[in-house]
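Novice: Submitted below is the structure of interest, expressed as structure tokens.
Protein chains: 2
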Amino acid sequence: MNRFTRFTAVVALLMAAQFAGPALASDPLPSWNDGASKTAIVSFVEKVTTPGSADFVPEAERIATFDNDGTLWTEQPMYFQLYYITDQVKAQAKDHPEWQSTEPFASLLKGDMAGVMASGKHGLLNLVAATHAGMTVSEFHQSVSSWITTARHPTTGKLFTEMVYQPMLELLEYLRANGFKTYIVSGGGIEFMRPWAERVYGIPPEQVVGSSLKLKYEVRDGTPVLVKQAEIDLIDDNDGKPVGIQSHIGRRPIFAAGNSDGDFQMLEWTTSAAGARFGMIVHHTDAQREWAYDRDSHIGQLDRGLNEADDRGWIVVDMKNDWNAVYAE
Amino acid sequence: MNRFTRFTAVVALLMAAQFAGPALASDPLPSWNDGASKTAIVSFVEKVTTPGSADFVPEAERIATFDNDGTLWTEQPMYFQLYYITDQVKAQAKDHPEWQSTEPFASLLKGDMAGVMASGKHGLLNLVAATHAGMTVSEFHQSVSSWITTARHPTTGKLFTEMVYQPMLELLEYLRANGFKTYIVSGGGIEFMRPWAERVYGIPPEQVVGSSLKLKYEVRDGTPVLVKQAEIDLIDDNDGKPVGIQSHIGRRPIFAAGNSDGDFQMLEWTTSAAGARFGMIVHHTDAQREWAYDRDSHIGQLDRGLNEADDRGWIVVDMKNDWNAVYAE
Chain A
0 MNRFTRFTAV VALLMAAQFA GPALASDPLP SWNDGASKTA IVSFVEKVTT
50 PGSADFVPEA ERIATFDNDG TLWTEQPMYF QLYYITDQVK AQAKDHPEWQ
100 STEPFASLLK GDMAGVMASG KHGLLNLVAA THAGMTVSEF HQSVSSWITT
150 ARHPTTGKLF TEMVYQPMLE LLEYLRANGF KTYIVSGGGI EFMRPWAERV
200 YGIPPEQVVG SSLKLKYEVR DGTPVLVKQA EIDLIDDNDG KPVGIQSHIG
250 RRPIFAAGNS DGDFQMLEWT TSAAGARFGM IVHHTDAQRE WAYDRDSHIG
300 QLDRGLNEAD DRGWIVVDMK NDWNAVYAE
Chain B
0 MNRFTRFTAV VALLMAAQFA GPALASDPLP SWNDGASKTA IVSFVEKVTT
50 PGSADFVPEA ERIATFDNDG TLWTEQPMYF QLYYITDQVK AQAKDHPEWQ
100 STEPFASLLK GDMAGVMASG KHGLLNLVAA THAGMTVSEF HQSVSSWITT
150 ARHPTTGKLF TEMVYQPMLE LLEYLRANGF KTYIVSGGGI EFMRPWAERV
200 YGIPPEQVVG SSLKLKYEVR DGTPVLVKQA EIDLIDDNDG KPVGIQSHIG
250 RRPIFAAGNS DGDFQMLEWT TSAAGARFGM IVHHTDAQRE WAYDRDSHIG
300 QLDRGLNEAD DRGWIVVDMK NDWNAVYAE
């Protein structure tokens, strides 16, 4: 290489750097390492948004649904809503002496969370009904809004809303910037998420689908209220997820993200229709920065999903290797 | 007035006409006669959308809910969905000999619609359950989509979708142009409205709230389907309307329009919170161009609403005098 050639090469490199610069700076997914997962996401979004592409999807039909616990924020050592319920049970325990000898209240009051979890989903629903029923939706929103700004995670000491995944925030924003409507479809309580989902995830209340108690409309002293009843309306988990999606959205998503077998049917429903479809599982592989669990976990068990992801064309995101950051700093 | 003054005056008039012209041409509610109703609508929209106004409402909170039957389209001589159900019952009758002697099927098959209506809402729900249950949501959408493009109203001979109210189409569009999100909240079936609401009203499936049957997720020969069950999920009427609003939208509307006492609680819920609120009742007063009915009607009964509208600050739209057109031509 002579001087002139070298000079030309340097200029070319500088020019390349200059052109590459803005592209790198505007990477919409900076917390995602380059690799198969990131490539799959970007190429899916590009093909469904490119006019004239065989896979083009009109903007109105770009529906993306996200599980919450374990997909958008951490769910260990137990679902965060359970910390809220624990605080409520403790506050109300003096009015309920029977809880000292009734499961899962007794375990919860003793701090034996394994005992609480052993009562299964039905036990958890008993806790929800006992502590939430009778509150108006407005009272409940105020209670959650106040709790979520002060309560802290027992291990990390962070606010729970500081334990949302930075790569998933970027993914939500990236999809919205490409004309997607982003929804939460969670087994957690719909009214537990609504008070803060817009601030934290940019997802407004009307795009939150979750488990719910029946509501009753009453007029109290001339003031109408909606009162939470001690009766399940929808368990938005497993088979309930496609049901919640149809009820609230009325369209089939083209993109769905989950992390556990509770999301299996949502991914199946999303990805088994015609046209371009995207299914994604967040695999918790990072014991150092977060938690590592899958097939044997009592929370967020992921077994069938791991077995079938390949055959179904779902991408499995390896938290440890695919993400260069877990939580927003 | 000398020649020069006259010339100046003419120029001034022409200029005024020129400036007035576009304003008149862009009247967003041309089918509404000038009067108290139109003035109330426009002044409400202006005050909630004017930044700095004491009544300003951020765009995200501009939720407007509309009843469908009798508010956006005609509901006489009976709810249009009942014509769809009639056609289904007739088509299925040969497989159900027991219907010949079971109400309300027997009345329906004899064409005795008064007998059908006498069975009340419960009877209508039986009809819905018997004819819709077992269909998948997708099959049901196809059936409704096909029916709605060919079935015609017995009196007018119009397609049912040609019997939507032009002034209400303008109102929907005017609200959306001012940042409102427009929703249907109807006692009619949610999946009956979704297939055509976007084309006819500009309201997408995710903004349609209605009565519903429970859904069940099944995988049939590897293909997932959502099957309508013979069990009510929500009756989105009366007390059910605020419940449906909270479940689907999660925010309290600031604008609600209805036409019958089935909309009373939706209007009450909407207008009894703090801040600028708008409640509106379409009063069917036009026997010539549409139908005239209120306190004694079996369909769309409006009694309590008429009694209390004034005290509650709801405007009562007089179809005959407030609208210069009823249906779109």
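Chains A and B, in that order, give the protein sequences. At position 275 of the first sequence (counting the first as 1) the number is 274 in numbering that gives the first Met the number 0, and the numbers step up by one without a gap. At position 13 of the second sequence (counting the first as 1) the number is 12 in numbering that gives the first Met the number 0, and the numbers step up by one without a gap. Every residue, glycine too, gets a C-beta built ideally from N, C-alpha and C. All of these numbers come straight from a predicted model, not from anything done at the bench.
1. Hey, how far is the Cα of residue 29 of chain B from the Cα of residue 173 of chain B?
2. In this structure, does DSSP put residue 138 of chain A in helix, strand or coil?
3. DSSP three-state label for residue 132 of chain B, please.
4. Using CA atoms only, rank isn't needed, just tell me which of B:289, B:296, B:109 is closest to residue 326 of chain B.
5. Run through DSSP, which three-state label would residue 77 of chain A get?
6. Measuring straight from C-alpha to C-alpha, what distance separates residue 204 of chain B and residue 228 of chain A?
7. If you draw a straight line from the C-alpha of residue 208 of chain B to the C-alpha of residue 33 of chain A, how long is it?
8. Kindly say whether residue 64 of chain B, judged by its beta-carbon, lies nearer than 9 Å to any beta-carbon of chain A.
9. For residue 219 of chain A, which beta-bridge partners are listed by DSSP?
10. Residue 162 of chain B lies in the beta strand (DSSP E); which residues open and close that run?
11. According to the neighbour-count rule (16 or more other Cβ atoms, all chains shown, within 10 Å of its Cβ), is residue 269 of chain A buried or exposed?
12. Count the other C-beta atoms from every protein chain shown that fall within 10 angstroms of the C-beta of residue 22 of chain B, then say buried if there are 16 or more, exposed otherwise.
13. Just to confirm before moving on: does the CB-CB distance between residue 165 of chain B and residue 324 of chain B stay below 9 Å?
14. For the region 201-226 of chain A, which residues have a CB atom closer than 9 Å to at least one CB atom of chain B, in sequence order?
15. Anyone know if the C-beta pair for residue 171 of chain B and residue 133 of chain B falls short of 9 Å?
16. Under 9 Å, Cβ to Cβ, is there at least one residue of chain A near residue 131 of chain B?
17. Counting only beta-carbon atoms, is residue 190 of chain B nearer than 9 Å to chain A?
18. Run the CB neighbour count on residue 129 of chain B, radius 10 Å, all protein chains shown included, and call it buried at 16 or more, exposed below.
19. Please state the DSSP three-state secondary structure of residue 227 of chain B.
20. When the Cα of residue 238 of chain A is compared with those of A:261, A:61, A:224, A:41, which residue comes out closest?
21. Are the region 273-289 of chain B and the region 307-318 of chain B in contact at 8 Å, needing three or more beta carbon pairs?
22. Could you check which residue in A:271, A:213, A:191, A:247 has the C-alpha nearest to that of residue 139 of chain A?
23. Looking at chain B, which residues of the region 260-275 of chain A have a Cβ within less than 8 Å of any of its Cβ atoms?
24. Alpha carbon to alpha carbon, what distance is there between residue 106 of chain A and residue 99 of chain A?
25. How far does the alpha helix (DSSP H) with residue 321 of chain B in it extend, from its first residue to its last?
26. Determine the extent of the beta strand (DSSP E) in which residue 254 of chain B is found, giving its start and end residues.
27. At a Cβ threshold of 9 Å, is residue 17 of chain A touching chain B?
28. Quick check on residue 152 of chain B: does DSSP put it in helix, strand or coil?
29. Between which residues of its own chain and residue 92 of chain B is the CB-CB distance below 7 Å, once the five residues before and five after are set aside?
30. Would the region 176-189 of chain B and the region 64-83 of chain B be scored as touching if the rule is three or more Cβ pairs under 8 Å?
31. For residue 316 of chain B and residue 281 of chain B, what's the separation of their Cα atoms in angstroms?
32. What number of angstroms, rounded off, separates the C-alpha of residue 110 of chain B from the C-alpha of residue 74 of chain B?
33. Between residue 304 of chain B and residue 265 of chain B, what straight-line distance do the alpha-carbon atoms span, to the nearest angstrom?
34. Use the C-beta contact count for residue 142 of chain B: other C-beta atoms within 10 angstroms, 16 or more gives buried, fewer gives exposed.
35. Take residue 272 of chain B and list the residues in its own chain whose beta-carbon comes closer than 7 Å to its own, dropping the five residues that flank it on each side.
36. Just the C-alpha distance for residue 297 of chain A and residue 127 of chain A, rounded to the nearest angstrom, thanks.
Specialist: Quick answer:
1. A straight line joining the alpha-carbon of residue 29 of chain B with that of residue 173 of chain B spans about 11 Å.
2. helix
3. coil
4. B:289
5. Annotated three-state conformation of residue 77 of chain A is coil, per DSSP.
6. 28 Å
7. Those two C-alpha atoms are separated by around 42 Å.
8. no
9. A:222
10. First-last for residue 162 of chain B: undefined, no H or E at that position.
11. buried
12. Low confidence applies to residue 22 of chain B: its pLDDT is 44, below 50, so where it sits in the model is not reliable, and the reading given next is rough at best. Its Cβ having fewer than 16 others within 10 Å, residue 22 of chain B is exposed.
13. yes
14. 203, 204, 205, 206, 207, 211, 213, 214, 215, 216, 217, 218, 221, 222, 223, 225
15. Residue 171 of chain B places its beta carbon 9 Å or farther from that of residue 133 of chain B.
16. no
17. yes
18. buried
19. strand
20. A:261
21. yes
22. Checking every option, the nearest Cα to that of residue 139 of chain A belongs to A:191.
23. 264, 267, 268, 271
24. 8 Å
25. 318-321 is the span of the alpha helix (DSSP H), which, as asked, contains residue 321 of chain B.
26. 254-257
27. Since pLDDT at residue 17 of chain A reaches only 47, below the 50 mark, its modelled position is unreliable, and no value is offered.
28. coil
29. 98, 108
30. yes
31. Near 5 Å, if we compare the C-alpha coordinates of residue 281 of chain B and residue 316 of chain B.
32. 18 Å
33. 11 Å
34. buried
35. 251
36. 19 Å
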